[in-house]
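Throughout the sequence shown, residue numbering follows UniProt numbering, covering 1 to 459 in sequence. Note that CB positions come from ideal geometry on N, CA and C, so glycine has one too.
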Amino acid sequence: MSLDLIIRGGTVATAADTFRCDIGIANGRIVELSTAISAPATEEYDAQGLLVLPGGIDSHVHLAQPSGEGVEMADDFASGTRSALFGGNTTVMPFCLQEKGQSLRDAVDAYHAKARDNCLTDISFHLIVTDPTPAVLGQELPALIAAGYKSVKVFMTYEAMRLNDAEILATMDAARRAGAVMLVHAENEDVIRYLSDAHVRAGDIHAAAHATTRPIAAEREATHRALSLAEVVDVPVVIVHISNGPTIDEISRARARGQRVTAETCPQYLMLTKDDLSAEGWEGAKYVCSPPPRDRDQQEACWRGLETGAFDLFSSDHCAFRFNDIAGKKRPGGKFTHIPNGIPGVETRMPILFSEGVKKGRIDLNRFVALTATNHAKTYGLYPKKGTIAIGSDADLTIWNPDLTRTIRHCDMHDACDYTPYEGLEISGWPIAVYLRGRLMMKDGVLHGSGADGAYILR
Ligand code: URP
Ligand code: ZN
Ligand code: ZN
Ligand code: ZN
C-alpha cells in the first residue's frame, strides 16, 4: 500500500499510552502504526525528539456571536480557527446562538453561512437555546438533534439569554428525548443582579466589581440547581467553565449519586485572579469573564480538580473582544456592567496546560491529551474519529516540541483581538506542526492550509 504521509520516529501520546512509533496516513486517515513503516509515501515528517499528539479539540469557543453590549466579537470563523490551529488544535466547537424570537433552524443556517469556507480547523456546533417556545422544543430541536447537532446549551445568567428553571427543565427534557447532551452556564442571575445593583448605587463601578458581584456562592448554588434539574430529567450534563473548589464539590456529590456529569475548567481559572480585574484604569476589563477568576486558593483547587480527575475537559471559552472596543475612554460613563464578558485564549490553551501542568509535574502527558482532546471527543460524540491516534481515526495530528520555550506576546497571536490576558507568560513546549486529516496546515509558524480545508462535522 502506498501512503500519503509518514510521521516518522516521534513519541506518540494518547490518553492511555506513550510509545515510539511511525504513523502511516492515507486518504486523511491513520492506516498504520508500527515501529518502522516500510511502505513508500509521498511525504515524510521527521518527528524524532518530538511528541506526536492527537490534534487538540477545544469544545468551548465563541466565534462571530453578537454581544449583549453591542460590541462586535473580535474573532470570526477565519481568525478564530486560525488562532486555534496555531495553538495546536484541529477541531473547535463554536456556538450557534438562537436570538429571542428566532427559529433555531435559522440560527443554525446563519452560523453555517458565517463558517462556510472560512475554517482552518474542523468545527462542530453546540446549539444555544434562548427562546424555548413549544415549536422550538417540540419540532425544531428534536429535528436538529436527529440531524447531528447533539449538544444543547442553556444560560442561567445574562439577562438577554437566561432561562428560568421551568424553561431549563423543558429544554433538558427535549434534549434527553432526542439523545443530546446538555451544557449549562451555571451562575445565579438574581444574586448577581442584587449585588451589582448595590454596587452601582454605591458608585462602585470599576471593572473589579465584576468579580465581587459574581461570588462563588452564585456559581455553586446554580451548579447545584442545574445538576438537580438534570437529575430530575435524567439527562447527561456538562457544567462549563468551573472556577472554584466548592463548585467542584457539587460535581463530586452529583457523581456520587450516580449522575452522568462532565466538568470543564479553563486556563483563566488557573492563571488569573480577581486582582487582575483591579488593574489601573480600564485595564481590568481585559480579564472580565464569567464566572470571574477567583484567588490563589481556588486556582489550587482547580489544579487539584485537573490532577484528580474531577475535571474532564480543559477548554478555552475563547470569547474575544478588542480592548480598544471595550476601553472606558470609548464608553463614556462606562460601568463594569457594560463590559462584554469573555477573554481570548484558544491559541494559548494547550501551551499553558503543557507548560504549567505537564512540565511542572502536576499532570502527566496522557492526562494532558485526555483533557485537551480525547475527553472532548468522547463527551460530544466525535470519538474515535477525532481525539485519538488509532487505526481508522482522522489523521488530526499535532507535532509538539516539548522543549521549545516562548514568551506569550499578543503580537505573536493569530487571532483578531488586540491583547492577550497572558502577555509575558513564559511557556515551555509549543506546537510546531499541525496536520488536519493528513493535510499539513501549519509548520514552523507558517500557515499552509486555507479556509476551504476545515470541514463541518455532524455528530
Ligand atoms: O465570560 C464569558 N465566559 N463569556 C463567554 C460566554 C460564556 O459565558 O460562555
Ligand atoms: Zn458561559
Ligand atoms: Zn463560553
Ligand atoms: Zn449595557
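Annotated three-state conformation of Glu426 is strand, per DSSP. Within the same chain, no residue comes within 7 Å of Gln139 by CB-CB distance, once the 5 residues on both sides are set aside. Relative to the Cα of Ala41, the nearest Cα in the group Lys360, His376, Gly49 and Leu5 belongs to Leu5. No heavy atom of ligand 1 is found nearer than 7 Å to the CB of Gly429.
For Pro267, the closest of Tyr111, Ser83, Pro421 and Val52 by C-alpha to C-alpha distance is Pro421.
In this structure, ligand 2 has a non-hydrogen atom nearer than 7 Å to the beta-carbon of His185.
Less than 8 Å separates the beta-carbon of Gly429 from that of Pro402.
Within the same chain, and ignoring the five residues on either side of Pro236 in sequence, the residues whose Cβ sits closer than 6 Å to its Cβ are Val181 and Arg260. Ser103 and Glu307 have their C-alpha atoms roughly 42 Å apart. With fewer than 16 other Cβ atoms from the protein chains shown falling within 10 Å of its own Cβ, Asp297 counts as exposed. Here Ile25 is actually not in contact with Lys386; their C-beta atoms are around 15 Å apart, not less than 8 Å. When the Cα atoms are used, Thr121 and Asn89 turn out to be separated by approximately 7 Å. In this structure Ala166 is not in contact with Leu141, their Cβ atoms being roughly 16 Å apart against a cut-off of 8 Å.
By the neighbour-count definition (other C-beta atoms within 10 Å, threshold 16), Tyr194 is an exposed residue.
For His126, the shortest separation between its Cβ and any heavy atom of ligand 2 does not lie below 7 Å. In this structure, the straight-line span from the alpha carbon of Ser79 to that of Ala207 is close to 27 Å. With a 10 Å radius around the Cβ and a threshold of 16 neighbouring Cβ atoms, Asn244 comes out buried. Around the CB of Val52, 16 or more other CB atoms lie within 10 Å, so the residue is classed as buried.
Secondary structure at Ser34: strand, using DSSP grouped into helix, strand and coil. An exposed status is given to Asn324, since fewer than 16 other beta-carbon atoms sit within 10 Å of its beta-carbon. Sixteen is the threshold: when 16 or more other Cβ atoms of the shown chains lie within 10 Å of the Cβ of Phe314, as they do, the residue is buried.
Per DSSP, the unbroken beta strand (DSSP E) holding Leu404 starts and ends at Leu397 to Thr407. When DSSP states are grouped into helix, strand and coil, Phe336 belongs to the helix group. Distance from the CA atom of Phe125 to the CA atom of Phe95, rounded to whole angstroms, is 5 Å. Distances taken from the Cβ of Ser290 to the heavy atoms of ligand 2 include one shorter than 7 Å.
Put simply, the region 367-381 does not touch the region 283-301. Fewer than three CB pairs are less than 8 Å apart. Contact between the region 223-242 and the region 184-204 is established, with three or more Cβ pairs separated by less than 8 Å.
Within the same chain, Pro54, Asn366, Val369, Thr374, Thr388, Ile389 and Ala390 come within 8 Å of Thr14 by CB-CB distance, once the 5 residues on both sides are set aside.
Around the CB of Phe19, fewer than 16 other CB atoms lie within 10 Å, so the residue is classed as exposed. Residue His410 holds the alpha-carbon nearest to the alpha-carbon of Leu425 among Ala64, Asp415 and His410.
Contact check for Pro351 against Gly9 fails: the beta carbons are separated by 8 Å or more.
Short of 7 Å from the beta carbon of Met413, and not among the five residues preceding or following it, lie these beta carbons of its own chain, in chain order: Ser83, Glu347 and Thr420. Around the beta carbon of Asn118, a 10 Å sphere encloses 16 or more other beta carbons of the protein chains shown; the residue is thus reported as buried.
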